[in-house]
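Please read the structure below before turning to the comments.
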Amino acid sequence: MADTARDAPPEQTDFHELEDGEELFPEPATTQESQPASLAAEDISTNSNGPKQDSLFDDDPEDLFAEATEEVSLDSPERDVLLSDGPSPAITPITPPTSVITPRIGHTHDDMFTHSSFDEIEEEEGGDSFDIHISVSDPEKVGDGMNAYMAYKVTTKTSISLFKRNEFAVKRRFSDFLGLHSKLASKYLHIGYIVPPAPEKSIVGMTKVKVGKEDQSSNEFVEKRRSALERYLMRTVKHPILLKDPDVLQFLESSELPRAVSTQALSSAGLLRMVNKAADAVNKMTIKMNESDAWFEEKQQHFENLDVQLRKLHTSVESLVCHRKELSVNTAQFAKSAAMLGNSEDHTALSRALSQLAEVEEKIDQLHQDQANADFYLFSELLGDYVRLLTAVKGVFDHRMKTWQKWQDSQMLLQKKREAEAKLQFTNKPDKLQQAKDEIKEEIEELEGKVQQGERDFEQISKTIRKEVSRFEKERVKDFKTIIIKYLESLVQTQQQLIKYWEAFLPEAKAIS
Amino acid sequence: MMQEGLDDGPDFLSEEDRGPRAVNVDLQTDAMLQVDISDALSERDKVKFTVHTKIPPAPPRPDFDASREKLQKLGEGEGSMTKEEFTKMKQELEAEYLAIFKKTVAMHEVFLCRVAAHPVLRKDLNFHVFLEYNQDLSVRGKNKKEKLEDFFKNVVKSADGVLVAGVKDVDDFFEHEKTFLLEYHNRVKDASAKSDRMIRSHKNAADDINRIASSLYTLGTQDSTDLCKFFLKVSELFEKTRKIEARIAADEDLKLADLLKYYLRESQAAKDLLYRRSRALVDYENANKALDKARAKNRDVLQAETSQQLCCHKFEKISESAKQELIDFKTRRVAAFRKNLVELAELELKHAKGNLQLLQGCLGILKGNT
Numbered sequence: 001m002a003d004t005a006r007d008a009p010p011e012q013t014d015f016h017e018l019e020d021g022e023e024l025f026p027e028p029a030t031t032q033e034s035q036p037a038s039l040a041a042e043d044i045s046t047n048s049n050g051p052k053q054d055s056l057f058d059d060d061p062e063d064l065f066a067e068a069t070e071e072v073s074l075d076s077p078e079r080d081v082l083l084s085d086g087p088s089p090a091i092t093p094i095t096p097p098t099s100v101i102t103p104r105i106g107h108t109h110d111d112m113f114t115h116s117s118f119d120e121i122e123e124e125e126g127g128d129s130f131d132i133h134i135s136v137s138d139p140e141k142v143g144d145g146m147n148a149y150m151a152y153k154v155t156t157k158t159s160i161s162l163f164k165r166n167e168f169a170v171k172r173r174f175s176d177f178l179g180l181h182s183k184l185a186s187k188y189l190h191i192g193y194i195v196p197p198a199p200e201k202s203i204v205g206m207t208k209v210k211v212g213k214e215d216q217s218s219n220e221f222v223e224k225r226r227s228a229l230e231r232y233l234m235r236t237v238k239h240p241i242l243l244k245d246p247d248v249l250q251f252l253e254s255s256e257l258p259r260a261v262s263t264q265a266l267s268s269a270g271l272l273r274m275v276n277k278a279a280d281a282v283n284k285m286t287i288k289m290n291e292s293d294a295w296f297e298e299k300q301q302h303f304e305n306l307d308v309q310l311r312k313l314h315t316s317v318e319s320l321v322c323h324r325k326e327l328s329v330n331t332a333q334f335a336k337s338a339a340m341l342g343n344s345e346d347h348t349a350l351s352r353a354l355s356q357l358a359e360v361e362e363k364i365d366q367l368h369q370d371q372a373n374a375d376f377y378l379f380s381e382l383l384g385d386y387v388r389l390l391t392a393v394k395g396v397f398d399h400r401m402k403t404w405q406k407w408q409d410s411q412m413l414l415q416k417k418r419e420a421e422a423k424l425q426f427t428n429k430p431d432k433l434q435q436a437k438d439e440i441k442e443e444i445e446e447l448e449g450k451v452q453q454g455e456r457d458f459e460q461i462s463k464t465i466r467k468e469v470s471r472f473e474k475e476r477v478k479d480f481k482t483i484i485i486k487y488l489e490s491l492v493q494t495q496q497q498l499i500k501y502w503e504a505f506l507p508e509a510k511a512i513s
Numbered sequence: 001m002m003q004e005g006l007d008d009g010p011d012f013l014s015e016e017d018r019g020p021r022a023v024n025v026d027l028q029t030d031a032m033l034q035v036d037i038s039d040a041l042s043e044r045d046k047v048k049f050t051v052h053t054k055i056p057p058a059p060p061r062p063d064f065d066a067s068r069e070k071l072q073k074l075g076e077g078e079g080s081m082t083k084e085e086f087t088k089m090k091q092e093l094e095a096e097y098l099a100i101f102k103k104t105v106a107m108h109e110v111f112l113c114r115v116a117a118h119p120v121l122r123k124d125l126n127f128h129v130f131l132e133y134n135q136d137l138s139v140r141g142k143n144k145k146e147k148l149e150d151f152f153k154n155v156v157k158s159a160d161g162v163l164v165a166g167v168k169d170v171d172d173f174f175e176h177e178k179t180f181l182l183e184y185h186n187r188v189k190d191a192s193a194k195s196d197r198m199i200r201s202h203k204n205a206a207d208d209i210n211r212i213a214s215s216l217y218t219l220g221t222q223d224s225t226d227l228c229k230f231f232l233k234v235s236e237l238f239e240k241t242r243k244i245e246a247r248i249a250a251d252e253d254l255k256l257a258d259l260l261k262y263y264l265r266e267s268q269a270a271k272d273l274l275y276r277r278s279r280a281l282v283d284y285e286n287a288n289k290a291l292d293k294a295r296a297k298n299r300d301v302l303q304a305e306t307s308q309q310l311c312c313h314k315f316e317k318i319s320e321s322a323k324q325e326l327i328d329f330k331t332r333r334v335a336a337f338r339k340n341l342v343e344l345a346e347l348e349l350k351h352a353k354g355n356l357q358l359l360q361g362c363l364g365i366l367k368g369n370t
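Those sequence lines, one after another, are chains X and D. Each residue of the first sequence is one higher than the one before, starting from 1 at the first, in UniProt numbering. Each residue of the second sequence is one higher than the one before, starting from 1 at the first, in UniProt numbering.
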């Protein structure tokens, strides 16, 4: 990894480096400190003015990660391997709610990430075509009562050489996904990578499933979750760094996964997380950073505004979903009512027309239901995902502030020590003087090292964030364009169907005499 | 190209400005003199009749409450909204107001035309004054006494109605009509309520699309990436499609909901007519019994005979006119449903095609640019 690697042509990828036999990644089984890949090959398409460019990463990788491990041990006790106890539970397959979601829309509604979007080779990320497709399917209820859980099949299809095979599948449960995210977050967030957030927990939703209620709402919940898990994995592997993380590889490939117990909502780790979050929020308010780089301020403001607007839009779309579902229900009721009216109408031709009207309205109610699903799975979930992603984005900016603070703290401490050293020159106790002087000299040396490291960290995280933001924005543009176009296509289909139905009805109405 | 003929805002206004226009109302069935006698009071030496002519039902009071509420909200919120939002809400309000206004005008028109076609009513002085007097009419509302009278009349009618409905009719035609009307009225009532709910949901969805369009617009103006133009285009699209959705709801209201409401009232009027006939039948039968009793006691026979004859006459008269009216009711009903269902289907088609054109046009542009 030479200095020139930064400006290297796109062909030099991380895969390349791997094949060279460089031991960037220790064996997954022994990992306690998995290390992110080198940034060397990535092109930084932002104008970085000033911060030391290359080789920051190359110096003392151990040092950097020593700190990482420290933080890791604080909030991810799930490192402890815990195997689930108890006999192998009974497996009850769940009938997929196809009645709820008819993938009538061109492609399957959840197929937001089709191959076509990956055929676009992103030059910055390497010449290897980004060919990986993950699907989450076949939700199955495992076990009974409150210990029951939903197992999902995670299938990966890929031609990337990183993986042992081209196609493979594993079974995972929700807490596994949370565990994966937790690990990734602890490794990458604090150094400036935007780690996609995992889908949200839902105690109410899961309880219904556990209790065994197999009705429409619990089916919808499972489908919603399945779709969210799929999108989560796809977003994660789209990130060139995260894709190569051994935890991700293990998650996708290993048939057995140590259970992430500490992701439970009511566990002690969960509580610890909440406490930490609160502490973070307080700290954020007290850090007054001298922003020397306007880019960061600008971007933060931009994301702030984006967040507000996306939330507003999300609320409106959720409302639309709700009203569209209502419309579907009310149309169905009207259809039944019209049918009854047709039955009691004693003029034969009119009676027939009314029955036909009832049939049309019944078909239309199904149309509204399908459209409501498209409204939700395409539009609403896109917005929801981005609202959550923006939280992660804001998080990395916060981490940068913390890094800055740390650097400043070290600097202040160094300053104090230097002052103390200067003062020592004027003491009157010569015997203690030399010892004290030596001590202070040592401390000062250590602190100087810390200050240097602090500055390097700060510069590194700033650089990473610039790159991440650029990648994020590109993805955002692509995602929104792709999905909104898909959504509009669903609207087109609905209108085409409506035309068909009313065209069929019109002659029936005219036939009344 | 996306705007031709589909932005119907101004159209609303121009329709009203076009001045008087012809309205198709089926008047042939109203040409006959429709008289019914609601009751007879037998006093010592004379009999008083209360004669009613069947008057077309009055048009319903227009409901501007929803609009008024929105107007108030608009006024209150003016300070907190952006200029675009305010203009949009104002336009929305105007469109809604015009829709209600249009509906009200249509119904009043129908009412007046039917009165004008009625052979007796058209000659009424009140009607002439109403049409010709070019200054303000000061119409006295019902005073308390009159309102109370109405209330009691209704109570008596419904109580009576229950008693009378139990009487089985010898005449097949009327027996069939009674069964038919009872069921029909209930089902029309249900259909009317359900259609109202369906249309309400449709309006709500259109409102949501309106808000989505606004948000997209803001996103478009804020964004610094490619998405800026994209959002603005989609915002524009949703602005237009939501106008169409609102129009669909309004048309469904006019062609479907109003139709059902109207026939709800009409079927009620028909039921009332049957009730009056049954009442007359009961009176006739009672008069018969009274006559028999009188003959048996050989007292007041002449009086009983006259009374019985009158009741018989009244009953026969009402049966005759009721039969005709009920046949007409059916004819009118079939014609009205046909007209409205055809128009409904045509409008739904027109709007769906409009929507489709907008969507496909926008998609073409968006896909071309990406």
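Note that beta-carbon positions come from the ideal geometry of N, C-alpha and C, so glycine has one too.
Neighbouring residues, chain X, relative to residue i (Cβ below 7 angstroms)
i	result
His-202/D	Leu-327
Thr-104/D	Near Thr-104/D there are no residues of chain X at all, since even the closest Cβ is about 24 angstroms away, more than 7 angstroms.
Ala-352/D	Gln-495, Leu-498, Ile-499, Trp-502
Residue from the options with nearest C-alpha to residue i
i	options	result
Gln-324/D	Ala-352/D, Glu-146/D, Leu-273/D	Leu-273/D
Asp-176/X	Tyr-193/X, Tyr-152/X, Ile-191/X, Glu-381/X	Tyr-152/X
Lys-238/X	Phe-130/X, Phe-505/X, Glu-468/X	Phe-130/X
Lys-164/X	Ala-436/X, Met-146/X, Gln-250/X, His-302/X	Gln-250/X
Gly-192/X	Leu-257/X, Trp-404/X, Leu-383/X	Trp-404/X
Gly-395/X	Val-469/X, Arg-324/X, Gln-408/X, Val-329/X	Val-469/X
Trp-407/X	Gln-452/X, Lys-510/X, Arg-235/X, Arg-226/X	Gln-452/X
Lys-463/X	Lys-288/X, Asn-147/X, Trp-295/X	Trp-295/X
Lys-103/D	Arg-61/D, Lys-70/D, Arg-122/D, Lys-123/D	Arg-61/D
Lys-194/D	Asn-219/X, Glu-503/X, Asn-330/X, Val-282/X	Asn-330/X
Where the alpha helix (DSSP H) through residue i begins and ends
i	result
Lys-255/D	Lys-255/D -> no alpha helix (DSSP H), and no H or E assigned at all.
Glu-473/X	430 to 510
Phe-174/D	172 to 222
Lys-210/X	203 to 211
Test item: CB-CB of residue i and residue j under 7 angstroms
i	j	result
Lys-240/D	Leu-363/D	no
Ile-199/D	Glu-252/D	yes
Leu-281/D	Ser-192/D	no
Met-340/X	Arg-68/D	no
Ser-201/D	Leu-327/X	yes
Asp-375/X	Arg-311/X	no
Phe-472/X	Ile-134/X	no
Phe-505/X	Ala-345/D	yes
Ser-344/X	Glu-177/D	no
Residue i: first and last residue of the uninterrupted beta strand (DSSP E) it sits in
i	result
Tyr-149/X	149 to 158
Ser-137/X	132 to 142
Val-170/X	167 to 173
Rounded separation between residue i and residue j - CA only
i	j	result
Ile-444/X	Leu-414/X	6 angstroms
Asp-283/D	Arg-277/D	10 angstroms
Phe-231/D	Ile-248/D	25 angstroms
Thr-156/X	Glu-236/D	40 angstroms
Glu-27/X	Glu-253/X	Any reading at Glu-27/X needs caution, since the residue's pLDDT is 43, under 50, leaving its predicted position unreliable; the model's value is listed next. The straight-line gap from Cα to Cα measures roughly 14 angstroms.
Ala-353/X	Leu-366/D	41 angstroms
Asp-293/X	Asp-398/X	15 angstroms
Lys-441/X	Lys-183/X	39 angstroms
Gln-493/X	Lys-486/X	11 angstroms
Arg-388/X	Ile-484/X	18 angstroms
residue 525/X	Glu-361/X	Since the first and last residues shown for chain X are 1 and 513, residue 525/X lies out of range.
Cross-chain neighbours of residue i in chain D, by beta carbon under 7 angstroms
i	result
Ala-374/X	The contacting residues do not exist; Ala-374/X stays about 13 angstroms from chain D at best.
Residue i: contacting residues in chain X (beta-carbon distance under 8 angstroms)
i	result
Asn-154/D	Within 8 angstroms Cβ-Cβ: nothing; Asn-154/D doesn't reach chain X, min ~25 angstroms.
Per-residue contacts from residue i into chain D (C-beta, under 8 angstroms)
i	result
Glu-489/X	Leu-363
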